[in-house]
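Peer 1: Residue numbers (my numbering): 1 to 105.
Below is the structure I would like to discuss, written out as C-alpha cells.
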Ligand SMILES: [Zn+2]
C-alpha cells in the first residue's frame with residue numbers, strides 16, 4: 001500500500017535578529033515533549049524546535065537572551081518566542097503556513 005504524496009511546503013527561515021541584535025539559531029530537532037496537534041493543519045506532531053541565543057556574557061551592554069522556535073513539520077507554521085522568564089514565552093514572530101487551513105485530515 002502506498003501513501004499519497006503530501007504536498008511539501010517550504011521551511012521559513014528564522015529571524016536573523018531581534019531588537020537590532022543578531023540571533024544565533026541551533027539546528028532544528030524534534031521537540032522533546034509531545035506537543036498538541038497543530039492549530040493550523042491538524043498534524044498530530046511532534047513538531048520540531050530550535051533554540052536561539054543572542055548576547056555576549058562577557059559584554060555588559062550585550063545581555064544574553066534566549067529564544068525558541070516551534071515549527072510544524074507538515075505545514076511549516078512557525079512560531080518564534082523570546083524566553084522572558086523561567087516559563088514565560090513572549091511571541092515575537094509567527095509565520096503563517098502556505099498550506100490551506102485544515103488541509104490535513
Ligand atoms: Zn501544521
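For each residue, glycine too, the CB sits at the ideal point set by N, CA and C.
Computed from a prediction, not measured in an experiment: that's the story for all the values here.
Taking just the CA atoms, how far does residue 74 sit from residue 84?
Peer 2: Between residue 84 and residue 74, the C-alpha separation is close to 28 angstroms.
Peer 1: Quick one: using the 10 Å Cβ neighbour count with 16 as the cut-off for buried, is residue 62 buried or exposed?
Peer 2: So residue 62 counts as exposed.
Peer 1: Have a look at residue 95 and residue 102 and give me their C-alpha separation to the nearest angstrom.
Peer 2: Straight-line Cα distance between these residues: approximately 16 angstroms.
Peer 1: Looking at the secondary structure, which residues open and close the beta strand (DSSP E) in which residue 64 lies?
Peer 2: From DSSP, residue 64 is part of no beta strand (DSSP E); its letter is neither H nor E.
Peer 1: Please name the residue in 56, 51, 43, 80 whose C-alpha comes closest to that of residue 72.
Peer 2: Answer by Cα proximity: 43.
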